Amino acid sequence: MPTRGKPMQKLFVAVALGLALPAAATAQTISGTNHDLSARGWGSTELCVFCHTPHNATTAVTAAPLWNHGVTAVASYGTYASATLNATVGQPGDISKLCLSCHDGTVAIDTYGTRTGTNFMTGGALVGTNLSNDHPVGFTYDATLATADGGLKDPTTPATIAPARLFAGKMECASCHNAHSDQYGKFLRGSNAGSGLCLACHSK
Amino acid sequence: MTRIWWIALGLLLVAARPAVAQAPKHNCGFCHNVHGGSFAQLTDFPTSEDLCLSCHSDAGPATVDRDGVPVTIPKNVAIHNGAKHTSPTTCRSCHDHEGESGGNLALVPRTLGTPNSGARTVVFTARSGPNSFADGDATYDGACEVCHTLTVQHRNDGSAGKHNAAADCRACHQHRSGFQGQGGCTLCHNQPQDNGDNVPPGGRRAIVGEFARRSHHVQVTPADSIPDADCLTCHNLDQHQQGQVRLVNVDNASIVTLTGDPNTVSAEAAKLAPFCLACHDANGAAGDVTPFSDNVTRPLIDSTTWAAAAHKTAPVLAGCYGDGTTGCHATGHGSLKKALLALPTVAPLSPDSVSEQEGFCYNCHDGSPATTNVQAEFQKGTNTATQVFHHPVNNTQQPAGRPVECTDCHNPHRARADAAAPTAPTASNRLLGVSRVAVANGAAGTVPTYTFRSATDATTPREYELCFKCHSSYVTQPAGQTNLAVVFNPANASYHPVEAVGKNTNISANAFVNGWTATRTMYCTDCHTSDNVAVRGPHGSVNRYILKRPYTASSSSRTMSSGESCFDCHRFDTYANDNASNTLQGYSRFNPPSWNQGHAYHVDRRSRPCYACHATHGSATRPHLIVTGRNPGLNDYTETATGGTCSPTCHSQRSYSINYAR
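Taken in order, these protein sequences are the chains called S and C.
The first sequence begins at 31 in our numbering and counts up one residue at a time.
The second sequence begins at 900 in our numbering and counts up one residue at a time.
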């Protein structure tokens, strides 16, 4: 038997908070989460500045407002493939590339504004540039795909797959993750207790 | 703000709700690794088996803590690959995501692609009762029955039996054994079950209880703990549940297939004799004389001697098996009688009755079909209150500590007729193969050294050795009973020639009748045998002491008749007829013409029975079986080369001369 880590163990930790309703009122913030870099000593004690700036933002980035972080230059990520996959998986969309601007490990986390950082992503949060072992992103998820797959919900009505959501009809990192809230752990958009977030799309 | 609250609550409920009404046990994340799964479908294992067994093996976690709820994990599961499967199954043949989402238990999908029946709907919402593994109703959608088309039970078209319908199949068919029936032979065969398919007629037999009967193979208790290996010593399961008993000949591995009842069908019984002997012969079960887990040594039935045994060759017997008249044994499992005897379900009456050992033998040996009526012999003499003139094979007649049964003298697997009359003391073939006590004699009048010889002892048996088992001091004898091993010692001064030719070999042959001579040896059973000359052996007699002819152990004066025991060998006219010619009387030394008042005078004219002067079996000190101390009788006797001197109670001491040389 392979000795790698048991996959099921990775999700167990996060799920306990899912039904803790009072947390919903207090966790809608970045402050105190892993995305809160203000105390790292990386040139600012501000909260938002590592990604956004009110002035002199990067106009090349349109997928998010007033972008202030260095953007990854990787043009071709490894993509997920599977014999049972019906979707056509393309490169991550622009919005996903903003996430990958830290999480593919090619741009330092503290490269923002005019600063060129030196601290790169490590550990479990490092997704890397080969996304073949990650849930696919950058593909169109529509009624046609749902029909072809047979195991996916029809996303035509957005509420069907809530709390997951699509961006320009595509699955992106932010379909599952909300960088601004760690309410559910792992910056998920909804609780994954009982695999609830997975089952938002997957009819399993 | 209130509105936001409600929206957040709604989102939470949507996200947290179970996919179906039942609580799922598997989360996506148990198997799928959204960021990092190296194998297909974002898993961490190359095959579904590796993935499943990462939890469902002893090496996996003890419990999966799902949302804080500990869940016990079924361990050591084995993939279901039955002997009739033509293609291998995998975990996902029966388990997949659709199970829990579809409402079935244990990830069993709502639709299964079956091997022989296409896609089929599966309803598996309970582990017993309706909608369980095989609930026995007419919709064959149970998790087990939905695929099965070749099984003996629970086929998906209803064409087979439905044993234990709606039970939890896993009670016997465990996942950890690949769903092979488990729990041992005894788990099912401790109770009958008839699915009505007539395969075999009457269905499954309850066997276990038979192993708790009075006699049975496999001395393991309780009977339901008998291990399968013991069953498989005799049984072959290649065609289990197909309506036939298949036995294994352990010596050559051939299969003995029974297609009928060996107790009533002779052709079936005939099949079983070689099968039984495969174990019960000298080499046991292919070299193992303790083939069962009880480590009990199998009783030896010498296959060579059995082949020649009367019971083997008797035309009425088809083999070992029968109903008590066509064969002696009726079960391989257990009998309410001794030695697996027929009929196994008929208990002997208590105490000792015709259902016990001798009673069993009487099934045949009562005159039909065996021509000799031995039963009648054992019923002789019971009209006398204090005496039985038969060996007391009936337990109620046996003195304490002195049991005797047919098998003490006869080995039913070995006894056979004599091709020619044997010469004493060599035992008759009818007495072969039973234990006995041999003697090594010392000085006259002394107790010999006894040697017990088992039933399998290869030395030539002497008949008296069987008698000595009870009628010598090898055992504790009742008070007053003669130690025959002492009196028949050839070192004695005189004795009836049981162990060796007699001492007085020069007696005229004409002094005997019925072919006897002074140099012949004799059997105990020449005197102690049935009064019915058609029946051999000391089973019983109308005469006391089980004598062929009557005998009175008293010296009191009486007129002896030619029918008495002594005159079966010793000539009556010579010894007891004073009117006989001198020629006839002269065959005895102590008679006319040399001495007028000899044997014939004493017995005939003076009415002195032989017993007055002669001992019966032997005398350690005096010749001619002379005995002193009886009244009327002798006080003393001395012998010379030409005669002798008597000192009787009846007259003064007199000396006589003899007719011919000693």
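Built from N, CA and C at the ideal position, the CB exists for glycine as well.
Since we're looking at a predicted model, the values are computed, not measured.
For C:Ser992, the closest C-alpha among the options C:Cys1046, C:Lys974, C:Thr942, C:Arg1329 is that of C:Cys1046. For the stretch 1117 to 1202 of chain C, the full-length alpha helix (DSSP H) segments reaching 4 residues or more read 1127 to 1133, 1165 to 1179 along the chain. Under a criterion of Cβ atoms nearer than 9 Å, the residues of chain C adjacent to S:Asn163 are, in order, Asn932, His934, Gly935, Gly936, Ser937, Phe938, Leu941.
At a beta-carbon threshold of 7 Å, none of the residues of chain C lie near S:Lys183; the nearest stands roughly 11 Å away. Pairing C:Leu952 with C:Val976 gives a Cβ-Cβ distance under 9 Å.
S:Ser205 is outside the set of residues whose beta carbon lies under 9 Å from a beta carbon in chain C. Within the same chain, and ignoring the five residues on either side of C:Gly1035 in sequence, the residues whose Cβ sits closer than 6 Å to its Cβ are Lys1061, Ala1064, Ala1065.
Contact with chain C is found for S:Ser112, since one of that chain's Cβ atoms lies less than 9 Å from the residue's Cβ.
The criterion of a C-beta distance shorter than 9 Å is not satisfied by C:Tyr1039 and C:Asn1015.
In this structure, C:Gly1002 and C:Thr971 do not form a Cβ contact; the two beta carbons are roughly 22 Å apart against a cut-off of 8 Å. No residue range can be given for C:Asp1430, since it is assigned to no alpha helix (DSSP H) and is classified by DSSP as neither H nor E. Residue environment analysis places C:Arg1301 among the exposed positions, since fewer than 16 neighbouring C-beta atoms fall within 10 angstroms of its C-beta.
For S:Ala178, the uninterrupted alpha helix (DSSP H) run begins and ends at 173 to 179, by DSSP. In chain order, Asn1272 place their CB closer than 7 Å to the CB of C:Gly1266, counting only its own chain and leaving out the 5 sequence neighbours on each side. In its chain, beyond the 5 residues on either side, Val1117, Gln1118, Val1119 have a beta carbon closer than 7 Å to the beta carbon of C:Asp1193.
Bridge pairing for C:Ser1554: C:Thr1544 [DSSP]. Minimum Cα-Cα distance from C:Thr1424 among the listed residues C:Val1195, C:Arg1507, C:Ser1454, C:Cys1308 corresponds to C:Cys1308. Fewer than three pairs of CB atoms, one per stretch, sit closer than 8 Å, so the stretch 167 to 175 of chain S makes no contact with the stretch 932 to 950 of chain C. Residue environment: C:His1469 is assigned as buried (16 or more neighbouring CB atoms within 10 Å of its CB, all protein chains considered).
In this structure the stretch 1536 to 1553 of chain C does not lie against the stretch 1386 to 1396 of chain C, because fewer than three pairs of beta carbons, one per stretch, are closer than 8 Å. Under DSSP, C:Gln1092 shares a beta bridge with C:Arg1103. Shortest Cα-Cα distance from C:Val1051 to any of C:Asn1089, C:Gln1138, C:Met1421, C:Gly1077 involves C:Gln1138. Here the alpha carbons of C:Thr1013 and S:Ala105 stand approximately 47 Å from one another. Using a Cβ-Cβ cut-off of 9 Å, C:Cys990 does not count as an interface residue toward chain S, since no Cβ of chain S sits closer than that to its own.
By the C-beta density criterion, C:Tyr1559 is exposed, having fewer than 16 other C-beta atoms within 10 angstroms. Counting only Cβ-Cβ distances below 7 Å, S:Val79 has no contacts in chain C at all, with the closest Cβ about 27 Å away.
Distances from the alpha-carbon of S:Thr190 to those of S:Asp212, S:Thr136, S:Leu227 put S:Leu227 closest. The residue from C:Glu1257, C:Gly1041, C:Tyr1220, C:Thr1225 with its alpha-carbon nearest to that of C:Leu1239 is C:Tyr1220.
Minimum Cα-Cα distance from C:Gly1462 among the listed residues C:Phe1191, C:Asp1472, C:Ser1456 corresponds to C:Asp1472. Distance check between C:Gly1159 and each of C:Ser1456, C:Pro1100, C:His1179 places C:Pro1100 closest, using alpha-carbon atoms only.
Each residue's CA atom was taken as its position, placing C:Gly1439 and C:Thr1350 some 28 Å apart. The Cβ atoms of S:Val157 and S:Leu130 lie closer than 9 Å to each other. Look at C:His996: its C-beta is under 9 Å from a C-beta on chain S. Taking C-beta atoms as the reference points, C:Glu1257 and C:Val1287 fail to come closer than 9 Å.
For C:Thr1020, the enclosing beta strand (DSSP E) stretches over residues 1017 to 1020. The C-beta of S:Asn64 comes no closer than 9 Å to any C-beta of chain C.
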